[in-house]
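> Structure below; questions to follow.
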Amino acid sequence: MVVTRKFAVFMLALTLLSTAAFAEDSEKRFTPAGATDVAVVGEPVHVGDELTASILVHNQGSEIGSVRLVLNDSNGLSLSQGEYVAISPGSSREVSASLVPTSAGTTSVGWEIVSDGGGVSSQLQGSLELLVYEAQSLDLNFGEVDWTLAGGLHSQISVALSAGDSRDVNISISLGFQGVDNEVQRFTVTLDPGLREISLDLGGPQADSLSVTIEPRGWMTSNSAANLTWQVDLAAPSISPSVELGPLDPEKPNPGQSVSLPYWLNNSGDAKTLPGELRVVRTSNGMLLAERTVSSVSANGSSSGTVEIGLWPDSQIIEVEVIWFMEDSAVSESLSVESSGQGGDGLTLPFDIMAAFYGALSGFAIVLVGIIAWRTVSERTPSTEGGEGKVLRDSRITRRLENAPSKREVLCPSCEQRLNIPSEHTGTVRCPACTTQFSTETDYDDSTVQPLTDPLPQNPESSETPPDPEPAPWWPVARSTEEILSCPECDQRLRIPLERRPVHSRCPACRTEFMAELG
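In this note's numbering, each residue's number is its place in the sequence shown (first place is 1) plus 4.
Right under this line is the structure:
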C-alpha cells in the first residue's frame with residue numbers, strides 16, 4: 005500500500021515537470037524549419053576562400069521578429085555575424101553567415117541563431133567541423149621566346165595551378181625598355197589545376213625585357229605579391245647586310261648589249277633578313293637598268309645570283325649602283341664600267357656624259373636661284389615698322405631719274421623742230437626732220453632754246469669750235485594760205501600750222517620730203 009502511494013506521487017511529479025517543459029518550449033517563437041543543422045556551401049575550402057553556412061528558421065509566434073546566424077571559434081570568439089533577417093508570423097526564412105578561413109587544417113566552428121527580442125529555441129545552435137586546405141599556388145615558365153624580323157616577337161608561357169578548384173586570373177603582359185615598363189596586353193583566363201600553355205604574339209616592339217604578371221580574381225594564392233611577376237630579357241634581332249659584285253659579262257659591254265652581273269648578298273648579323281629586291285640603277289639619272297626579287301638570307305649566311313641587264317646604256321663610262329632593298333633598310337654597292345668603243349671613231353670621254361650633263365644643269369639651277377635670291381634681298385623694301393625718322397629706300401625708278409643727265413630744248417633754225425639735247429652738249433646736232441646740222445652754241449632768242457632741267461654749268465674755257473653746217477639740199481615746195489595743204493607728189497592733204505611755216509615736212513603716205521611755205 006505504501007509502495008503504491010509512492011509510485012503515484014512519482015508519476016504526478018513527472019507529469020508536472022513534463023508539462024512545465026512543454027509550456028517553456030511552446031513559448032519560443034523561432035524554431036528550426038526542417039533540419040536542425042546548418043548547411044555549408046563552398047567546400048572543399050582553401051585558405052582565403054569564402055564559405056557560407058545557412059539554416060531555415062520558422063516564426064511560430066504572433067509577432068514579426070528578426071534573427072541572424074553567428075559563427076564562433078572554439079574559444080567562443082565571434083568569427084562572423086550574418087545580417088538580421090525579419091521573419092513574419094507563420095513564415096520561414098533562410099538565415100546565413102559567411103566565413104573566410106585564415107589557416108589550414110580541421111577547425112571546429114560553433115553556430116547559433118540569435119534574436120533581438122529573444123524567443124529562440126535551443127535547437128537553433130550547434131557546432132560543425134571544417135577541413136581547410138592550403139591556399140593554391142601559381143607558377144609560370146617562359147617557353148620559347150622567338151624574335152625575328154619577319155614574324156616579330158613571339159613567346160610561349162606555361163602557367164601552373166596547384167591542386168584544388170578552378171580559378172580565374174588576370175594576366176598582364178608588359179614590355180620594358182631602358183627600365184620603363186609599358187603594359188601592352190591584359191586578359192582574363194580560367195585556370196584548371198595543372199599546366200596551361202598560352203601563346204603571346206607581340207609584333208615588332210622596341211623593348212629589352214618581357215614581363216608577365218598574374219593576378220588572382222576573388223581568391224587568395226599562397227604566392228606573395230612580389231612572386232606573381234615573371235620577367236625575361238630580350239635581344240632584338242640584328243642584321244648586318246652587305247653586297248658584293250663580280251665582274252661584268254662582257255667586261256666592256258657595247259651600248260644596247262645584254263649584260264650579266266654576278267652578286268653576293270651577305271648577312272653577318274644574328275637574325276634572318278627579310279625578303280627584298282635587288283635593283284641596278286644608273287647613278288647619273290636614276291635610270292633603273294635591272295630589278296629582281298631576292299629571298300631572305302639567314303644569320304651569318306650568304307646568297308648569290310646573277311642579275312641580267314637587258315640594254316646597256318650608250319655612254320663611255322657608266323656609273324651604276326646595285327641596291328639591296330629590304331623593309332626599313334637598304335644597302336648598296338657602286339660600280340664604274342667602261343663601255344666598249346663604238347667603231348673606234350667616236351669621241352672617248354673619261355666620264356659619264358649624262359652625269360656631267362645633269363651636274364652642269366644642277367649647277368646652273370643653283371647659280372640662277374642664288375642670283376634671284378641676291379637680287380630679291382638687295383632690292384627689298386625696308387620694313388615700315390617703327391615711328392618717325394624712318395627713311396625708306398628709294399625705288400629703282402626714282403634713282404634712275406635722279407641719275408639721268410639733264411636736258412635742254414633747242415629749235416632747229418630751218419624747220420623750227422624742237423629738239424631735246426643734253427645740257428652739257430656744246431657741239432653740233434642734226435635735225436631728224438630736215439637733216440639740217442647746226443651748232444648749239446649759236447645765240448638764239450630765249451624762246452628758242454629752253455633747257456628741260458637745270459643744265460650743268462657750261463665750261464667757259466671750252467675752245468671747241470663746231471664745224472660749219474652743210475648746205476641744205478633742194479626740196480619740193482608746197483604752199484597754201486590755210487593750215488591744210490597738199491603733198492606735191494601724191495596730193496595727200498596734210499595739216500601744217502601756219503605759224504610753223506616755213507618748215508620741212510614729210511608726207512606720211514608717199515614719204516616725200518618737202519618744204520611747207522605760206523603763200
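Beta carbons are placed, not taken as given, at the ideal position from N, Cα and C, and that holds for glycine.
On a predicted model such as this, the values are computed, not experimentally measured, just so you know.
If you run the structure through DSSP and keep just helix, strand and coil, what is ASN271?
By 1-based counting over the sequence shown, the position of residue 271 is 267. In the structure shown, ASN271 sits in a strand (DSSP, three-state: E or B).
> Looking at the unbroken beta strand (DSSP E) that takes in PRO276, where does it start and where does it end?
Walking along the sequence shown from the start, residue 276 turns up at place 272. For the record, residue 276 in the displayed sequence is Lys; it is not Pro. No beta strand (DSSP E) holds LYS276; DSSP gives it neither H nor E.
> State the DSSP-derived secondary structure class of ILE68, mapped to helix, strand or coil.
Here residue 68 refers to the residue found at position 64 when the sequence shown is read from its first residue. DSSP places ILE68 in coil when its eight states are reduced to three.
> At the level of alpha carbons, what is the spacing between ASP77 and THR192?
As a working note, residue 77 is residue 73 in the sequence shown. As a working note, residue 192 is residue 188 in the sequence shown. For ASP77 and THR192, the distance between alpha carbons rounds to 37 Å.
> Cα-Cα, which of SER141, GLU138 and GLY208 is closest to ASP332?
Here residue 332 refers to the residue found at position 328 when the sequence shown is read from its first residue. Nearest of SER141, GLU138 and GLY208 to ASP332, Cα basis: GLY208.
> For THR444, does the three-state DSSP call read helix, strand or coil?
Locating residue 444 in the sequence shown gives position 440, where the first residue counts as 1. Of the three classes helix, strand and coil, the one that applies to THR444 here is coil, per DSSP.
> Going by DSSP in three states, GLY348 sits in which element: helix, strand or coil?
Against the sequence shown, residue 348 aligns to sequence position 344. In this prediction, GLY348 has a pLDDT of 40, which is less than 50 and means its spatial position is unreliable; what the coordinates show is noted afterwards. In this structure, GLY348 counts as coil in the three-state DSSP scheme.
> Whether or not the segment 301-321 and the segment 372-381 are in contact is what I'm after, with contact meaning three or more pairs of Cβ atoms, one per stretch, closer than 8 Å; do they touch?
Counting Cβ pairs under 8 Å, fewer than three are found: no touch.
> Quick one: what's VAL220 bridged to in DSSP?
Residue 220 sits at position 216 when you count from the first residue of the sequence shown. Residue identity check: residue 220 is Pro in the sequence provided, not Val. DSSP lists VAL173 as partners of PRO220.
> Taking Cβ to Cβ, would you say LEU269 is nearer than 8 Å to LEU206?
The residue given as residue 269 occupies position 265 in the sequence shown. The residue given as residue 206 occupies position 202 in the sequence shown. Not in contact: LEU269 and LEU206 (Cβ atoms no closer than 8 Å).
> What would DSSP say about THR225, mapped onto helix, strand or coil?
Counting from 1 along the sequence shown, the entry for residue 225 is found at position 221. Coil at THR225, not helix or strand.
> Just the Cα atoms here: how many angstroms apart are LEU232 and MET224?
Along the sequence shown, read from residue 1 onward, the residue named residue 232 stands at position 228. Along the sequence shown, read from residue 1 onward, the residue named residue 224 stands at position 220. Each residue's alpha carbon lies about 12 Å from the other.
> Could you pull the DSSP bridge partners for THR310 from this structure?
By one-based count along the sequence shown, residue 310 stands at place 306. Paired residue(s): PRO266.
> How do the segment 160-172 and the segment 112-131 stand: do at least 3 beta-carbon pairs fall below 8 Å, yes or no?
The segment 160-172 is not in contact with the segment 112-131.
> Can you look up ILE500 in the DSSP assignment and give me helix, strand or coil?
To locate residue 500, count along the sequence shown from 1; it is residue 496. Coil, per DSSP.
> Taking only three categories from DSSP, how would you classify LEU238?
As a first step, residue 238 must be located in the sequence shown, where it is residue number 234. DSSP places LEU238 in coil when its eight states are reduced to three.
> Anyone know if the C-beta pair for PRO220 and ARG171 falls short of 8 Å?
Against the sequence shown, residue 220 aligns to sequence position 216. Against the sequence shown, residue 171 aligns to sequence position 167. Result yes, Cβ atoms of PRO220 and ARG171 sit closer than 8 Å.
> Nearest-angstrom Cα distance between ARG286 and ILE202?
Residue mapping note: residue 286 aligns to position 282 of the sequence shown, counting from 1. Residue mapping note: residue 202 aligns to position 198 of the sequence shown, counting from 1. Computed Cα separation, rounded: 52 Å.
> Report buried or exposed for ILE68, applying the criterion of at least 16 other Cβ atoms within 10 angstroms of its Cβ.
As a working mapping, residue 68 is identified with position 64 in the sequence shown. Answer is exposed; the Cβ neighbour count stays below 16.
> Thinking C-alpha only, which one of GLY52, LEU195 and ASP185 is nearest ASP143?
By one-based count along the sequence shown, residue 143 stands at place 139. For ASP143, the nearest C-alpha among the options comes from LEU195.
> For SER484 and PHE518, what's the separation of their Cα atoms in angstroms?
Taking the first residue of the sequence shown as 1, we reach residue 484 at position 480. Taking the first residue of the sequence shown as 1, we reach residue 518 at position 514. Using only the alpha carbons, I get a separation of about 13 Å.
> Which residues in the same chain as GLN140 place their Cβ atom closer than 8 Å to its Cβ, once the five residues preceding and following it in sequence are excluded?
For this step, residue 140 is matched to residue 136 along the sequence shown. For GLN140, where only same-chain residues beyond five positions count, the Cβ hits under 8 Å are HIS50, LEU165, SER166, ALA167, GLY168, ASP169, ARG171, PRO197, TRP223, THR225 and SER226.
> Assign LEU81 to buried or exposed, taking buried as 16 or more other Cβ atoms, counted over all protein chains shown, within 10 Å of its Cβ.
In the sequence shown, residue 81 corresponds to position 77, counting from 1. It is exposed - the Cβ of LEU81 has fewer than 16 other Cβ atoms within 10 Å.
> Indicate whether ALA39 and VAL61 have their beta-carbon atoms separated by less than 8 Å.
Counting from one through the sequence shown, the residue named residue 39 turns up at place 35. Counting from one through the sequence shown, the residue named residue 61 turns up at place 57. Contact: no.
> Could you check the C-alpha separation between SER466 and GLN441 for me, to the nearest Å?
Taking the first residue of the sequence shown as 1, we reach residue 466 at position 462. Taking the first residue of the sequence shown as 1, we reach residue 441 at position 437. Its pLDDT being 39, under 50, SER466 is placed unreliably by the model, and the measurement read from it follows with that caveat. Each residue's alpha carbon lies about 21 Å from the other.
> Short check: CB of ILE327 to CB of ARG296, under 8 Å?
If you number the sequence shown from 1, residue 327 lands on position 323. If you number the sequence shown from 1, residue 296 lands on position 292. No, they are not a contact pair.
> Just curious, the beta strand (DSSP E) that ALA108 is in, first and last residue?
As a first step, residue 108 must be located in the sequence shown, where it is residue number 104. It is not in any beta strand (DSSP E) - ALA108 carries neither H nor E in the DSSP assignment.
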